[in-house]
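Sequential numbering of the sequence shown, starting at 4, is according to my numbering.
Contents: one structure, followed by commentary.
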Amino acid sequence: MPAMLIKLGKEDVRVVLRDLGTITEWSSLTFIVPLLVALFYFESVSIVVNYVIAGAIAFAIGLVLKNAFAPKLETDLKHAFLTASLFWLLYCAIAAVPFVLTQGMPFVHAYFESMSALTTTGLSVMRFSIDFAPNSIVFWRSFLSWIGGVGIVVLALTGVLSTYSRASKLSVAEGREERIKPNLKNTVKEIWNIYIGLTIFGVLLLYLSGMGLFTAINYSMSAISTTGMDITSQGLAGAHSLAIDASLVVIMLLGAISFSVHYLVMKKRNFGLLLHDAEFKTMVLLGLLATVMILPKMMLLYGSNIVGINQAFFHAFSALTCGGFSLVTAADVMRWDDFIKLVLLAVMFIGGSAGSTAGGIKISRFIIFIKSIYWRIKEAILPAKSFFARKFEGRNLELSEIKAVNQFILLWALFILIGSMVLTLHGNSLADSVFEVVSAQSNAGISTGIVNPGMPLSVEIMLIINMWVGRLEIIPILSAIGFMLSMRRSRR
Numbered sequence: 004m005p006a007m008l009i010k011l012g013k014e015d016v017r018v019v020l021r022d023l024g025t026i027t028e029w030s031s032l033t034f035i036v037p038l039l040v041a042l043f044y045f046e047s048v049s050i051v052v053n054y055v056i057a058g059a060i061a062f063a064i065g066l067v068l069k070n071a072f073a074p075k076l077e078t079d080l081k082h083a084f085l086t087a088s089l090f091w092l093l094y095c096a097i098a099a100v101p102f103v104l105t106q107g108m109p110f111v112h113a114y115f116e117s118m119s120a121l122t123t124t125g126l127s128v129m130r131f132s133i134d135f136a137p138n139s140i141v142f143w144r145s146f147l148s149w150i151g152g153v154g155i156v157v158l159a160l161t162g163v164l165s166t167y168s169r170a171s172k173l174s175v176a177e178g179r180e181e182r183i184k185p186n187l188k189n190t191v192k193e194i195w196n197i198y199i200g201l202t203i204f205g206v207l208l209l210y211l212s213g214m215g216l217f218t219a220i221n222y223s224m225s226a227i228s229t230t231g232m233d234i235t236s237q238g239l240a241g242a243h244s245l246a247i248d249a250s251l252v253v254i255m256l257l258g259a260i261s262f263s264v265h266y267l268v269m270k271k272r273n274f275g276l277l278l279h280d281a282e283f284k285t286m287v288l289l290g291l292l293a294t295v296m297i298l299p300k301m302m303l304l305y306g307s308n309i310v311g312i313n314q315a316f317f318h319a320f321s322a323l324t325c326g327g328f329s330l331v332t333a334a335d336v337m338r339w340d341d342f343i344k345l346v347l348l349a350v351m352f353i354g355g356s357a358g359s360t361a362g363g364i365k366i367s368r369f370i371i372f373i374k375s376i377y378w379r380i381k382e383a384i385l386p387a388k389s390f391f392a393r394k395f396e397g398r399n400l401e402l403s404e405i406k407a408v409n410q411f412i413l414l415w416a417l418f419i420l421i422g423s424m425v426l427t428l429h430g431n432s433l434a435d436s437v438f439e440v441v442s443a444q445s446n447a448g449i450s451t452g453i454v455n456p457g458m459p460l461s462v463e464i465m466l467i468i469n470m471w472v473g474r475l476e477i478i479p480i481l482s483a484i485g486f487m488l489s490m491r492r493s494r495r
């Protein structure tokens, strides 16, 4: 990767800014949705205008960037990495505008909120003020998480970019390499069909479980995107039932399954195909294993067999899918036994299937990592010239692929270490700090209470970085940094 990032100049910057402008211009359309919600609920003119202002800012920035530069080069992967990384930072800043103008939030808090929603993390500094927020702001948080679930770049790719090459490379740069159709445009179309269908199914399921329609819409968007954004200060701790809890687990699981698997199941109408998917089988086994491991502790905490089983089962799958919903308050999470936190931390670290809305390192990487340990042991005990196949899902893996997975996991752990050091520096316990950082970087969102409006600025910025790194899966960001450093070297 570093070799492709050497001696880059002004023409490369023009390519990046042109593509950044194109995506930003089209992303302005997203502000129409909360604007319509504000009109539907007869909210004040000033609130409606706030969404117009935010949309106008996005459109103006995009238009200027797109038209001010006319590069001769086509988009390459090195450009796409920087474009995707910068766009997430830029769009989160624009998406924060309604929070600032409508709620009067400090910009850093508003930026944290939009980054958390868009990265499908679900951590929130609006834990109490959300009760006094207009419906359009509540919906805007949920909608941000929903579009973030399939990727804001993928959203902008739908009929926007002029060539397959540019669209494909931006999609890869955002960490979305799954292909359902040979043509990327058809792939994006199928992903949206699946995603909208699953969201509607979630709304119906939650509505039939006893939720009001507006609540069901918000929770369905948040659950299918595996975000876990609550719409009241009490969240699910204030009003939930076994039916609602079970429905949310189902929706979170659907969100954590690869879109390609959903496509095959729907196309062939054969739900048995799920049982042939290694990631789905591993996800269910890990969820059940985590449930069994924390069950005794949960039953001691909550006293009732039914309540204890429900708490263990729900939180195990909420953590594993990175759905991030919690049936208890952050204060209760802080009081959990360290063993419970350790188990949930481990499954959050792993996350859901590749090509899904879930976060974490992804189950496919986890399986390859575990297998690589076995292969290394096998290699050590066999004769020197022995050969054996290294397979995953019926495909032979190259040694370079195995090395890349292990390096990714090492880098992932390094960012968690850095974040944990920052949080412990401010007096938080090591257990809570690691839990919070893993929750942020895995885009899970279960909080021990460290995330709150009064947290130190350095903690807030560090968690923003962890969420951003987790959503873009590290490599594009490191490549973007290398890109900028190489530009600096080329000027000397």
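We put the CB at the ideal spot given by N, CA and C, even for glycine.
Given the structure is predicted, the values throughout are model-derived calculations rather than measurements.
For residue j and residue i, believed in contact at Cβ under 8 Å, the rounded distance
i      : j      : result
Thr229 : Gly355 : 7 Å
Asp435 : Ile412 : Incorrect: roughly 23 Å between the Cβ atoms, too far for contact.
Ile133 : Ser236 : 6 Å
Ile343 : Ile353 : About 16 Å; that fails the 8 Å criterion.
Asn446 : Arg474 : 6 Å
Ala98  : Leu147 : 6 Å
Asn308 : Met302 : 6 Å
Gly430 : Thr123 : About 29 Å; that fails the 8 Å criterion.
Ala61  : Thr27  : 6 Å
Ser244 : Ser212 : 7 Å
Gly290 : Ile254 : Their Cβ separation, rounded to whole angstroms, is 14 Å, which puts Gly290 and Ile254 out of contact at 8 Å.
Thr360 : Val153 : 7 Å
Gly448 : Gly215 : Their Cβ separation, rounded to whole angstroms, is 23 Å, which puts Gly448 and Gly215 out of contact at 8 Å.
Residue from the options whose Cα sits closest to the Cα of residue i
i      : options                        : result
Val36  : Ile220, Gly473, Ser139         : Ser139
Gly326 : Thr27, Met224, Val55           : Met224
Arg21  : Gly151, Leu68, Lys81           : Leu68
Leu292 : Leu276, Val440, Ile312         : Ile312
Val103 : Glu116, Thr122, Ser389         : Glu116
Gly151 : Met470, Leu481, Ile480         : Met470
Thr105 : Leu466, Gly154, Val55          : Val55
Asp335 : His318, Tyr94, Ala349, Met351  : His318
Ile50  : Val100, Ala83, Gly200          : Val100
Trp149 : Phe131, Lys13, Ile64, Gly125   : Gly125
Ser496 : Leu201, Gly275, Arg338         : Lying before the first or after the last residue shown, residue 496 is absent from the chain, which here runs from 4 to 495.
Ile467 : Thr86, Met255, Arg17, Ser127   : Ser127
Gly107 : Arg393, Met129, Ala259, Phe90  : Met129
Ser367 : Gly215, Val48, Glu382, Ala259  : Ala259
Pro74  : Gly241, Tyr114, Leu66, Asp15   : Asp15
Leu348 : Thr324, Thr360, Thr332         : Thr324
Thr294 : Ala315, Tyr305, Val310, Arg393 : Ala315
Leu414 : His112, Arg379, Ser432, Ile477 : Ile477
Ala96  : Ala57, Leu38, Ile227           : Ala57
Val287 : Leu304, Tyr305, Leu257, His265 : Leu257
Leu267 : Phe131, Met351, Ala63, Ile194  : Ile194
Ser461 : Val350, Trp339, His112         : His112
Residue i burial status per 10 Å Cβ neighbour count (16 or more: buried)
i      : result
Met424 : exposed
Leu209 : buried
Pro386 : exposed
Asn53  : buried
Thr166 : Only weak support exists for where Thr166 lies, its pLDDT of 43 falling under 50; the value from the coordinates is given anyway. Exposed, since its Cβ has fewer than 16 Cβ neighbours within 10 Å.
Val19  : buried
Ser321 : buried
Ile480 : buried
Ile197 : buried
Ser329 : buried
Phe43  : exposed
Gln410 : exposed
Ser119 : buried
Lys81  : buried
Ser261 : buried
Ser375 : buried
Arg272 : exposed
Phe391 : exposed
Ile380 : exposed
Phe135 : exposed
Ile384 : exposed
Residues sharing a beta bridge with residue i, DSSP
i      : result
Lys394 : Asn399
Test: residue i CB closer than 9 Å to a CB of chain C
i     : result
Phe90 : Absence of chain C from the displayed structure is noted, only one protein chain being present.
beta-carbon residue i near the ligand FAD non-hydrogen atom, thresh 8 Å
i     : result
Ser47 : Annotation note on the ligand FAD: not contained in the displayed structure, which lists no ligands.
#### Entry: alpha helix (DSSP H) runs contained entirely in the segment 407-483, provided each spans 4 or more residues
433-444, 460-475
### Query
Which full runs of the alpha helix (DSSP H) of 4+ residues lie inside the segment 61-122, going along the chain?
80-98, 100-106, 110-121
### Message
Suppose only complete runs of 4+ residues qualify. What are the alpha helix (DSSP H) ranges in the segment 306-389, listed by chain order?
### Response
308-323, 333-338, 341-353, 366-384
### Query
Which runs of the beta strand (DSSP E) fall wholly inside the segment 208-247 and span at least 3 residues, in chain order?
none
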